[in-house]
Amino acid sequence: MVKINFIDHAGTTRTVDVEAGATAMEAAIRNAVPGIEAECGGACACATCHVYVDEAWQEKVGAPSPMEEDMLDFGYDVRPNSRLSCQIKMTDDLDGVVLHTPERQA
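In case it helps, my numbering puts the sequence shown at residues 3 to 108.
Now the structure itself:
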């Protein structure tokens with residue numbers, strides 16, 4: 003199992019476990035993490051699973067694909083560390099990753 007630390011805009015941390023191979027969005031939905039809506043169900047067709055990757059984890063998580071960048075254009079308060087959680091595939095290397103949720107989704 004891989005741990006993900008979701009921190010909401012108020013600073014509340016929720017730590018969830020997920021199997022390697024699942025996405026961060028799937029972990030958030032299965033564990034009812036507030037701030038992740040995932041309206042498209044993980045198809046990279048909206049921006050309602052938008053998160054900010056903590057600076058310490060950006061290199062390991064990696065950059066968004068061109069398609070993901072296009073979808074991020076629809077996000078709320080997009081920043082250089084923005085990603086769609088449906089596109090973050092969890093691996094053992096990401097155990098303990100910190101993802102911040104925005105104040106609201108698009």
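Using N, Cα and C, we set each Cβ at its ideal position, and we do this for glycine too.
- Spanning the alpha carbons of residue 101 and residue 33 requires a straight line of approximately 14 Å.
- Residue state for residue 106 is assigned as coil, using DSSP reduced to three classes.
- As the crow flies, the alpha-carbon of residue 26 is around 18 Å from that of residue 80.
- With a cutoff of 7 Å on beta-carbon distance, residue 4 and residue 97 are scored as near each other.
- Residue 4 carries a strand assignment under DSSP once its states are collapsed to helix, strand and coil.
- Excluding five sequence positions before and after residue 57, the CB atoms of its chain that fall closer than 7 Å to its own CB belong to 83, given in chain order.
- By the neighbour-count criterion, in which 16 or more other beta carbons inside 10 Å mark a residue as buried, residue 17 falls on the exposed side.
- The continuous beta strand (DSSP E) containing residue 19 extends over residues 15–20.
- One thing to note: residue 51 has its Cβ no nearer than 7 Å to the Cβ of residue 69.
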